[in-house]
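Report on the following structure.
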Amino acid sequence: MATEPKGKLRHIAISVPDKDRAAKFYEQAFGFARVSESRVATRLSDGVMNLTLLQFETQEDAGDERGKDFVGLHHFGVWVDDLGAARAAIEANGGTSHAGPTAHLPENAEHKFRDPNGIVFDISSHGWDGAKR
Amino acid sequence: MAKLRHIAVAVPDLEKAAAFYEKSFGLERVKQTKKRIYLSDGTVNLTLLPSDDLAGDKREGFVGLHHLGFVVDDVAEAGKRIEQNAGALVDTPSNYVGENAERKYWDPHGIMLDVSTSYWVGSK
Chain A
12 MATEPKGKLR HIAISVPDKD RAAKFYEQAF GFARVSESRV ATRLSDGVMN
62 LTLLQFETQE DAGDERGKDF VGLHHFGVWV DDLGAARAAI EANGGTSHAG
112 PTAHLPENAE HKFRDPNGIV FDISSHGWDG AKR
Chain B
113 MAKLRHIAVA VPDLEKAAAF YEKSFGLERV KQTKKRIYLS DGTVNLTLLP
163 SDDLAGDKRE GFVGLHHLGF VVDDVAEAGK RIEQNAGALV DTPSNYVGEN
213 AERKYWDPHG IMLDVSTSYW VGSK
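Written as structure tokens, this is what we have:
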């Protein structure tokens with residue numbers, strides 16, 4: 012009966028010193044559309060994928076050892092049907108829960124993990140702004 | 113509008129990493145070569161690269177999110193827009209052949225971006 016739910020890669024987060032400037036690059040070079048903003052994030056979309064530019068103000072925002080000044084590809088996100096089932100599968104296969112940023116981020120940023128190589132990703136059951144399953 | 117359809121991750125062990133993404137998220141292995149494993153969720157391609165053999169790159173040994181890939185209508189046109197907006201062409205070795213006939217650029221923050229007119233395997 013149980014068909015394995017397919018996770019969907021729908022979120023890429025890049026940490027930058029100036030999210031507005033970074034957003035302009037992706038808008039102008041690739042035609043991405045700006046879909047939402049918050050204190051620490053500017054979110055873009057190509058209609059399917061969410062691309063989020065993060066500009067952390069504090070170490071707490073950044074939430075891990077890379078710190079607030081890290082510049083580069085920060086994490087990716089997988090849209091799943093069932094957070095509990097996804098968590099169990101991740102942990103059964105060597106992934107580990109990762110506290111991640113604690114404050115001021117959207118609720119879909121709270122389920123953060125590391126894969127067995129330490130690569131950070133998050134999972135969400137309701138997707139990201141501008142993303143489409 | 114360009115489409116972000118390729119995520120490349122550098123890992124020390126392709127097979128182990130592929131198994132993690134297959135079992136955790138049900139991603140499907142759509143292609144495999146000696147130096148690549150290509151996974152798909154039906155729309156987006158996730159490519160695993162060997163950390164100890166990152167051709168065209170000085171980040172030898174790097175483990176982590178390595179680059180992104182965009183499907184565009186016209187590579188030359190996209191390249192022009194990238195360069196007009198402070199991106200730059202990646203200086204690849206003369207014998208470098210892209211896996212997906214892509215051209216590689218740096219975004220203004222040094223993030224590597226592939227642009228290609230063809231979809232990466234397993235993406236649409």
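Those sequence lines, one after another, are chains A and B.
Residue numbering for the first sequence follows the working numbering, beginning at 12 and increasing consecutively.
Residue numbering for the second sequence follows the working numbering, beginning at 113 and increasing consecutively.
Don't be surprised by glycine CBs; every beta carbon is placed ideally from N, CA and C.
Computed from a predicted structure; not experimentally measured.
Short CB-CB distance (under 8 Å) between residue i and chain B
{"i": "residue 62(A)", "result": "yes"}
{"i": "residue 67(A)", "result": "no"}
{"i": "residue 141(A)", "result": "no"}
{"i": "residue 19(A)", "result": "yes"}
{"i": "residue 94(A)", "result": "no"}
{"i": "residue 82(A)", "result": "yes"}
{"i": "residue 31(A)", "result": "no"}
{"i": "residue 89(A)", "result": "yes"}
{"i": "residue 133(A)", "result": "no"}
{"i": "residue 138(A)", "result": "no"}
{"i": "residue 13(A)", "result": "Because the pLDDT of residue 13(A) is 45, which lies under 50, any placement of that residue in the model is unreliable, and the number read from its coordinates should be weighed accordingly. No, no contact with chain B."}
{"i": "residue 115(A)", "result": "Low confidence applies here, because residue 115(A) scores a pLDDT of 45, under 50, leaving its location unreliable and the question unanswered by this model."}
{"i": "residue 78(A)", "result": "no"}
Beta-carbon proximity check, residue i vs residue j, cutoff 8 Å
{"i": "residue 117(B)", "j": "residue 231(B)", "result": "yes"}
{"i": "residue 36(A)", "j": "residue 113(B)", "result": "no"}
{"i": "residue 193(B)", "j": "residue 34(A)", "result": "no"}
{"i": "residue 130(A)", "j": "residue 177(B)", "result": "yes"}
{"i": "residue 136(B)", "j": "residue 234(B)", "result": "no"}
{"i": "residue 104(A)", "j": "residue 129(B)", "result": "no"}
{"i": "residue 32(A)", "j": "residue 141(A)", "result": "no"}
{"i": "residue 124(A)", "j": "residue 87(A)", "result": "no"}
Residue-level contact to chain A via CB, residue i, 8 Å cutoff
{"i": "residue 129(B)", "result": "yes"}
{"i": "residue 212(B)", "result": "no"}
{"i": "residue 136(B)", "result": "yes"}
{"i": "residue 114(B)", "result": "yes"}
{"i": "residue 162(B)", "result": "no"}
{"i": "residue 223(B)", "result": "yes"}
{"i": "residue 121(B)", "result": "yes"}
{"i": "residue 229(B)", "result": "no"}
{"i": "residue 188(B)", "result": "no"}
Cutoff 7 Å; reference residue i; Cβ partners in own chain excluding five residues on either side
{"i": "residue 175(B)", "result": "122, 123, 124, 163"}
{"i": "residue 213(B)", "result": "228, 230"}
{"i": "residue 173(B)", "result": "163, 164"}
{"i": "residue 77(A)", "result": "none"}
{"i": "residue 218(B)", "result": "199, 200, 202, 224"}
{"i": "residue 211(B)", "result": "148"}
{"i": "residue 20(A)", "result": "87, 89"}
Chain E residues whose Cβ lies nearer than 8 Å to that of residue i
{"i": "residue 175(B)", "result": "No chain E is part of this structure, whose protein chains are labelled A and B."}
Nearest to residue i (by Cα), restricted to the options the options
{"i": "residue 134(B)", "options": "60(A), 69(A), 126(A), 55(A)", "result": "126(A)"}
{"i": "residue 30(A)", "options": "75(A), 22(A), 17(A), 62(A)", "result": "62(A)"}
{"i": "residue 216(B)", "options": "197(B), 187(B), 172(B), 234(B)", "result": "187(B)"}
{"i": "residue 156(B)", "options": "77(A), 46(A), 22(A)", "result": "22(A)"}
{"i": "residue 140(B)", "options": "97(A), 18(A), 95(A), 45(A)", "result": "18(A)"}
{"i": "residue 59(A)", "options": "161(B), 146(B), 183(B), 166(B)", "result": "183(B)"}
{"i": "residue 161(B)", "options": "127(B), 204(B), 142(B), 154(B)", "result": "127(B)"}
{"i": "residue 138(B)", "options": "145(B), 119(B), 144(B), 158(B)", "result": "158(B)"}
{"i": "residue 38(A)", "options": "115(B), 120(B), 142(B), 119(B)", "result": "115(B)"}
Spatial neighbours of residue i in its chain, beta-carbon cut-off 6 Å, leaving aside the 5 residues before and after
{"i": "residue 73(A)", "result": "67, 79"}
{"i": "residue 190(B)", "result": "184, 227"}
{"i": "residue 97(A)", "result": "91, 134"}
Own chain residues within Cβ distance below 8 Å of residue i, not counting five before or after
{"i": "residue 25(A)", "result": "33, 62, 63, 64, 65, 83, 84, 85"}
{"i": "residue 46(A)", "result": "54, 55, 56, 61, 140, 141"}
> Would you say the stretch 50-62 of chain A touches the stretch 96-110 of chain A, given that touching needs at least three Cβ pairs under 8 Å?
Replying inline: no
> Using 8 Å as the threshold, is the stretch 84-91 of chain A in touch with the stretch 135-142 of chain A, meaning 3 or more CB pairs across them?
Replying inline: Verdict: yes, contact present.
> Would you call the stretch 65-83 of chain A and the stretch 216-226 of chain B touching, i.e. three or more CB-CB distances under 8 Å?
Replying inline: yes
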